[in-house]
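Q: To start, I am sharing the structure in question, which I have written as structure tokens.
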Amino acid sequence: MADVKPGISGGRLSQSDYAVNFGDIHPPLDAHEALVESDRCYFCHDAPCQVACPTAIDIPMFIRQIQTGHPKSAAKTIFDQNIFGGMCARVCPTETLCEEACVRMEAEGKPVKIGLLQRYATDAFMADGGQPYERAKPTGKKVAVVGGGPAGLACAHRLAMHGHEVTVFEARPKSGGLNEYGIAAYKSTDDFAQKEVDFILGIGGITVQNGKKLGAGLDLADLQKDYDAVFLGIGLQGVNALGAQNDDAAGVEDAVGYIADLRQASDLSALPVGRRVVVIGGGMTAVDVAVQSKLLGAEDVTIVYRRGPEQMKASAYEQEVAQTRGVRIKHWAMPKAVIVKDGKAVGLTCEYTSEANGKLTGTGETFDLPADMIFRAIGQAYVDFTGGKLALEGGRIKVDDEKRTSVRGVWAGGDCVAGGQDLTVASVDDGRRAAESINLFLKA
Amino acid sequence: MADLRSHFIGIKSPNPFWLASAPPTDKEYNVVRAFKAGWGGVVWKTLGEEGPPIVNVNGPRYGAIHGADRRLLGLNNIELITDRPLEVNLQEIKRVKREWPDRAMIVSIMVPCNEDSWKAILPKVEETGCDGIELNFGCPHGMSERGMGSAVGQVPEYIEMVTRWCKQYSRMPVIVKLTPNITDIRYPARAAKKGGADAVSLINTISSIVSVDLDNFAPVPTIDGKGSHGGYCGPAVKPIALNMVAEIARDPETRGLPISAIGGVTTWRDAAEFISMSAGTVQVCTAAMTYGFRIVEEMKTGLARWMDEKGYATIEDFRGRAVPNVTDWQYLNLNYVTKAHIDQDLCIKCGRCYAACEDTSHQAIFKEKDGKRHFEVNDAECVACNLCVEVCPVDNCITMVRQTEGVDPRTRRKINPDYANWTTHPNNPMALKAAE
Ligand SMILES: Cc1cc2nc3c(=O)[nH]c(=O)nc-3n(C[C@H](O)[C@H](O)[C@H](O)COP(=O)(O)OP(=O)(O)OC[C@H]3O[C@@H](n4cnc5c(N)ncnc54)[C@H](O)[C@@H]3O)c2cc1C
Ligand SMILES: Cc1cc2nc3c(=O)[nH]c(=O)nc-3n(C[C@H](O)[C@H](O)[C@H](O)COP(=O)(O)O)c2cc1C
Ligand code: SF4
Ligand code: SF4
Ligand code: SF4
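Okay, structure coming up:
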């Protein structure tokens, strides 16, 4: 039954509903399902799935290892390329990556369930504990990694493997970056993000200092002085502004901040959510905040996106997830003004849009959506903590193929660098590549 | 609608699908339900001598090879002949035959290899009113250690001798069931014929160890830490059975000898193949043990539909049609040139054909065109081996296209439309000698 308590309120559902709603969106395969699914793989030559995987995991090989009864060997194959294989199995938009490229997609529209098989393998490994890697002999070299998200920790792990001594400086109390604070709750259940962080740190040689923030008592010059190399994986710490009238009214929130609260909430019923929620944006964050609002018991949730379904950054599959959870997506409309009553948001005035020659314009026609809560989900922005020392490109850190910044001895990767895909898996790839480059640099 | 009736060495049955001598035919309860389900006949589970019946192991008797979804592909067993008293079996056989007069009732027998034993059991079996007997010279495990089953089946002289006794001491049609555990199946078949057999049936199970349990290093199935070889059957053995049936069908000495084909028959198609290879009936064991008696329904309707589509009114209309096309390698047409061809609309670009041909065959597949992933056969290298066809996951995506004129780009020789085989080939030293 829909909860119709007006305004913004918690406790819209029964405790058991929260548990069901925020359970695993894709339950793991059991052993038999994994065998049957792995048998569907053709072990392609120069496999298109592998080419499509940003971390280039040897997918046919790991699937064959599952097929022959060795999921832990499969996990090792995965970790060789992607130490966050467990999280990536849960959060990768496989429908636009490996599974889209799978030849079975072309054959019958039903790709091999690579993500679920990857999860099966990595879960099997992690359930038993232990580390797949031993560290190389200590090199005596020290590397500073700023940011304990996927990019930073992937880099740290690979550096530790090579025998370097790594210190991770992480501003937040917990490590994991958006795996811990951003990913939708139903994609990463049972505190998986922290378990994975522990797994990664299990290799040894990595010290994490939580609560240490670059730009606040810690600056790049010091790190360059004290360490042999520096890697920055600081993500995107700013949020793009809405640019609509009254967008500072109570009830207008940043989606990422709200999701972070949700991810950290020990009791979801204590988390207030609007009865009528409007989300502005068209990416993964928009979909995630919309779906999670709905799952928290909001009665009506509408995503307002200024262009059509094809242009949305959220994949067709994610749009479908939203729609099947009861989220309405309103295309070709943009926010004009927040309607305020007694200092609180009560609605949003939107204007229809149209596109001509790639240029988007308002049509002048408007409509009002009632809303007690309005989420900004129109993208995050890079915030500089280095005192402007690094060259930028399109507002993010400029790097080369090896993830070297414009400053010698400083590498960067993940969301904070230009030209990325803003995906967990792409950040992991950056981290690993940077580590290999740093390793060569330190050994030279 | 096609007429499926079968008339095999004087034995009539409403269809050619018989249950082979095995657990499905071990008792009245089973056989009656099999007949209700529509089976055309049964070969009763092998009877042994009078007296205390043999015993089976009390641990597992089966092992298997499975496909990924646990589809049973091959079954291995260490079961012996019937472990129920002879008298009980005979009474049941008699009763069932009386109640199901239109179904074929064959009784399988295995007794020690001496005249008295056979002389003693034959009249008892005949008294049941059964339609014929099948001599089990095939069982490869257990009974063979006691000088029966395949121990007899591997010695053509014994086959001939026992067959003769059976013809001598009974008026029943005699089918000799052959063991595949022999180098050349034609010898036991010829012996059966010489002994006066009305027909042969084959194959019995193939000696096998289906797997080793890697935790305790013992064959599966494992009985108290040990295992012994068993007999292999099911879909995996069909190709072996089909070849053996073909060998007997085309051997000048046994040509025309009626055959009841056994071995991996699982669908109507398997049956049609065996019948086209001259079998008069087919016998089924593993498929029934895997899926139950109801599968005969699919076999019957499937065979009838195929016959209707092909315009065959009766089994005889297509029986044996494949036999003349089985030949020796030396007579295959060496002037027949084909090339693999990939249908680009069907190709899903998995690259399996490339990996197979590049790594293990003739490097005859290109994997790129204009910088793009694209698989195409290089006629100048393709030897037409068919490997790519077999590894391609898409039906009919790669086909063999015959080249009837011009030059074979691989050999650079002109295509010769005439038939020519190895016996006259210039590279054949024997051929050269003959020409001298
Ligand atoms: C709501 C949301 C949902 C998403 N869902 C998915 C998804 O389903 N699938 C997917 O593939 N991707 C998803 N993404 C994107 C993905 O989370 C990111 O691409 C990925 O986390 C980027 O990794 P990173 O290491 O570059 O940055 P982050 O994960 O942001 O990690 C950066 C870390 O650096 C720390 N930090 C920042 N500044 C400083 C500083 N000055 N000093 C010290 N530490 C600092 C931060 O606290 C953080 O821990 C989602 C993103 C969001 C926002
Ligand atoms: C458990 C089991 C017991 C069998 N017992 C006998 C038997 O007593 N007498 C016999 O002639 N064949 C016996 N066979 C062999 C079958 O009759 C048949 O020849 C063989 O299984 C091949 O056919 P299929 O592939 O359809 O199973 C037995 C087979 C199995 C699986
Ligand atoms: S593309 Fe699909 S079928 Fe081919 S290797 Fe990858 S997962 Fe297997
Ligand atoms: S038929 Fe044989 S040689 Fe020809 S392309 Fe196929 S695999 Fe290669
Ligand atoms: S094996 Fe078949 S589907 Fe795969 S690339 Fe070759 S022709 Fe195409």
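Residue numbers (this note's numbering), protein chains in the order written: chain A, 803 to 1246; chain B, 12 to 447. Just so it is clear, CB atoms sit at the ideal spot from N, CA and C, and this is done for glycine as well.
DSSP three-state call for Y1184 (chain A): helix, strand or coil?
A: Here residue 1184 (chain A) refers to the residue found at position 382 when the first sequence is read from its first residue. Note: Y1184 (chain A) maps to coil in three-state DSSP.
Q: Taking C-beta to C-beta, are K178 (chain B) and L213 (chain B) nearer than 8 Å?
A: The sequence position of residue 178 (chain B) within the second sequence is 167, counting from 1. The sequence position of residue 213 (chain B) within the second sequence is 202, counting from 1. No, Cβ-Cβ distance for K178 (chain B) and L213 (chain B) is not below 8 Å.
Q: Express the C-alpha separation of L1098 (chain A) and S816 (chain A) in angstroms, rounding to a whole number.
A: Working through the first sequence from its first residue, we reach residue 816 (chain A) at position 14. Working through the first sequence from its first residue, we reach residue 1098 (chain A) at position 296. Using only the alpha carbons, I get a separation of about 10 Å.
Q: Among the candidates B:K108, B:R266 and B:R424, whose CA atom is the shortest distance from the CA of S289 (chain B)?
A: Residue mapping note: residue 289 (chain B) aligns to position 278 of the second sequence, counting from 1. Nearest C-alpha to S289 (chain B): B:R266.
Q: So with CB distances below 8 Å, who are the chain B contacts of Y844 (chain A)?
A: Along the first sequence, one-based indexing puts residue 844 (chain A) at 42. Correct list: C361, R363 and P404.
Q: Do the stretch 828-847 of chain A and the stretch 359-371 of chain B make contact, defined as three or more Cβ pairs closer than 8 Å?
A: Yes: at least three Cβ pairs fall under 8 Å.
Q: As an exercise, report each continuous alpha helix (DSSP H) stretch of at least 4 residues that is fully enclosed by the stretch 1199-1246 of chain A, in chain order.
A: The stretch 1199-1246 of chain A contains these whole alpha helix (DSSP H) runs: 1226-1245.
Q: Pull the bridge partners of D14 (chain B) from the DSSP assignment, please.
A: As a first step, residue 14 (chain B) must be located in the second sequence, where it is residue number 3. In DSSP, D14 (chain B) forms a bridge with B:T325.
Q: Have a look at T190 (chain B) and S218 (chain B) and give me their C-alpha separation to the nearest angstrom.
A: Position 179 of the second sequence holds residue 190 (chain B). Position 207 of the second sequence holds residue 218 (chain B). Roughly 10 Å between the two C-alpha positions.
Q: Please classify S155 (chain B): does DSSP put it in a helix, a strand, or coil?
A: As a position in the second sequence, residue 155 (chain B) is number 144, starting the count at 1. Looking at S155 (chain B) - three-state DSSP - the assignment turns out to be helix.
Q: Going along the chain, which residues of the stretch 893-918 of chain A sit with their C-beta nearer than 8 Å to a C-beta in chain B?
A: If the cut-off is 8 Å between Cβ atoms, the stretch 893-918 of chain A has V905, R906, E908 and A909 near chain B.
Q: Measuring alpha carbon to alpha carbon, tell me which of A:E1120, A:I1061, A:D826 and A:A1043 ends up nearest D992 (chain A).
A: As a position in the first sequence, residue 992 (chain A) is number 190, starting the count at 1. Of the candidates A:E1120, A:I1061, A:D826 and A:A1043, the one whose C-alpha sits nearest the C-alpha of D992 (chain A) is A:D826.
Q: How about G1083 (chain A) and I985 (chain A): do their beta carbons lie closer than 8 Å?
A: What you label residue 1083 (chain A) is simply residue 281 of the first sequence in a count that begins at 1. What you label residue 985 (chain A) is simply residue 183 of the first sequence in a count that begins at 1. No.
Q: Does P1137 (chain A) have its Cβ less than 8 Å from a Cβ in chain B?
A: Walking along the first sequence from the start, residue 1137 (chain A) turns up at place 335. No, because no Cβ of chain B sits closer than 8 Å to the Cβ of P1137 (chain A).
Q: Compare the C-beta of D226 (chain B) with all C-beta atoms of chain A and state if any pair is closer than 8 Å.
A: The sequence position of residue 226 (chain B) within the second sequence is 215, counting from 1. For D226 (chain B), the answer is no, since every Cβ of chain A falls outside 8 Å of its Cβ.
Q: Looking at the unbroken beta strand (DSSP E) that takes in P230 (chain B), where does it start and where does it end?
A: As a position in the second sequence, residue 230 (chain B) is number 219, starting the count at 1. It spans A229 to V231 - the beta strand (DSSP E) in which P230 (chain B) sits, taken as one unbroken run.
Q: S218 (chain B) by DSSP, collapsed to three states: which one?
A: On the second sequence, position 207 is the one that residue 218 (chain B) refers to. In the structure shown, S218 (chain B) sits in a strand (DSSP, three-state: E or B).
Q: DSSP three-state label for T924 (chain A), please.
A: Position 122 of the first sequence, counted from the start, is the residue given in the question as residue 924 (chain A). DSSP places T924 (chain A) in helix when its eight states are reduced to three.
Q: When DSSP builds the beta bridges, which residues end up paired with L1171 (chain A)?
A: Stepping through the first sequence from its first residue, residue 1171 (chain A) is reached at position 369. In DSSP, L1171 (chain A) forms a bridge with A:L1150.
Q: In chain order, which continuous runs of the alpha helix (DSSP H) of length 4 or greater are located wholly inside the stretch 273-306 of chain B?
A: Runs found: 279-287 and 297-302.
Q: DSSP three-state label for L451 (chain B), please.
A: Coverage of chain B is limited to positions 12 through 447, which leaves residue 451 (chain B) absent and any answer about it impossible.
Q: Is the separation between the beta-carbon of L1044 (chain A) and that of F824 (chain A) shorter than 8 Å?
A: The residue labelled residue 1044 (chain A) in the question sits at position 242 within the first sequence. The residue labelled residue 824 (chain A) in the question sits at position 22 within the first sequence. In this structure, F824 (chain A) does not lie closer than 8 Å to L1044 (chain A) by Cβ.
Q: Out of B:P246, B:C368, B:R305 and B:I251, point me to the one whose CA is closest to R280 (chain B)'s CA.
A: Your numbering for residue 280 (chain B) matches position 269 in the second sequence. Checking every option, the nearest Cα to that of R280 (chain B) belongs to B:P246.
Q: Out of A:F1177, A:G1110, A:A1193 and A:V1148, point me to the one whose CA is closest to Y1154 (chain A)'s CA.
A: For the purposes of this step, residue 1154 (chain A) is identified with residue 352 of the first sequence, where counting begins at 1. Of A:F1177, A:G1110, A:A1193 and A:V1148, the residue nearest in Cα terms is A:G1110.
Q: Any beta carbon from chain B within less than 8 Å of V1249 (chain A)'s own beta carbon?
A: Absent from the structure is residue 1249 (chain A), since the part of chain A shown begins at 803 and ends at 1246.
Q: D80 (chain B) touches chain A at which residues, Cβ-Cβ below 9 Å?
A: Translated into the one-based positions of the second sequence, residue 80 (chain B) becomes position 69. Ordered by position in chain A, the residues that pass the 9 Å Cβ test against D80 (chain B) are H834, L837, V838 and D841.
Q: Please report whether the beta-carbon of H964 (chain A) lies at a distance below 8 Å from any beta-carbon of chain B.
A: Reading the first sequence from its first residue, position 162 is the one you call residue 964 (chain A). Not one chain B Cβ lies under 8 Å of H964 (chain A).
Q: Whose Cβ in chain B lies nearer than 9 Å to the Cβ of P850 (chain A)?
A: Start at 1 with the first residue of the first sequence, and residue 850 (chain A) comes out as number 48. Result: K360, C361, G362 and R384.
Q: Below 8 Å on the Cβ atoms is my guess for V970 (chain A) versus I1002 (chain A); work out the distance and round it to an integer in Å.
A: Looking up residue 970 (chain A) in the first sequence gives position 168. Looking up residue 1002 (chain A) in the first sequence gives position 200. Not confirmed; about 10 Å, so no contact.
Q: Is V893 (chain A) near ligand 1, with its Cβ less than 7 Å from a heavy atom?
A: Along the first sequence, one-based indexing puts residue 893 (chain A) at 91. Indeed, a heavy atom of ligand 1 lies less than 7 Å from the Cβ.
Q: Give the secondary structure of S1068 (chain A) by DSSP, where H, G and I count as helix, E and B as strand, and everything else as coil.
A: As a first step, residue 1068 (chain A) must be located in the first sequence, where it is residue number 266. S1068 (chain A): coil per DSSP, three-state reduction.
Q: For chain A, find out if any of its Cβ atoms is closer than 8 Å to the Cβ of A366 (chain B); answer yes or no.
A: As a working note, residue 366 (chain B) is residue 355 in the second sequence. Taking Cβ atoms only, chain A reaches closer than 8 Å to A366 (chain B), which makes this a yes.
Q: Can you say whether S1239 (chain A) is buried or exposed, counting buried as having 16 or more other CB atoms within 10 angstroms of its CB?
A: Within the first sequence, residue 1239 (chain A) is the residue found at index 437, counting from 1. So S1239 (chain A) counts as buried.
Q: Measure from the alpha carbon of D429 (chain B) to the alpha carbon of each residue in B:T410, B:L345 and B:V307, then state which is nearest.
A: In the second sequence, counting from the first residue as 1, residue 429 (chain B) sits at position 418. Closest by alpha carbon: B:L345.
Q: Alpha carbon to alpha carbon, how far is I92 (chain B) from E309 (chain B)? Give it in angstroms, no decimals.
A: As a first step, residue 309 (chain B) must be located in the second sequence, where it is residue number 298. As a first step, residue 92 (chain B) must be located in the second sequence, where it is residue number 81. E309 (chain B) and I92 (chain B): Cα-Cα distance of roughly 29 Å.
Q: Would a check of beta-carbon distances place H847 (chain A) closer than 8 Å to chain B?
A: Mapped onto the first sequence, residue 847 (chain A) falls at position 45. Answer yes: the Cβ-Cβ gap between H847 (chain A) and chain B drops below 8 Å somewhere.
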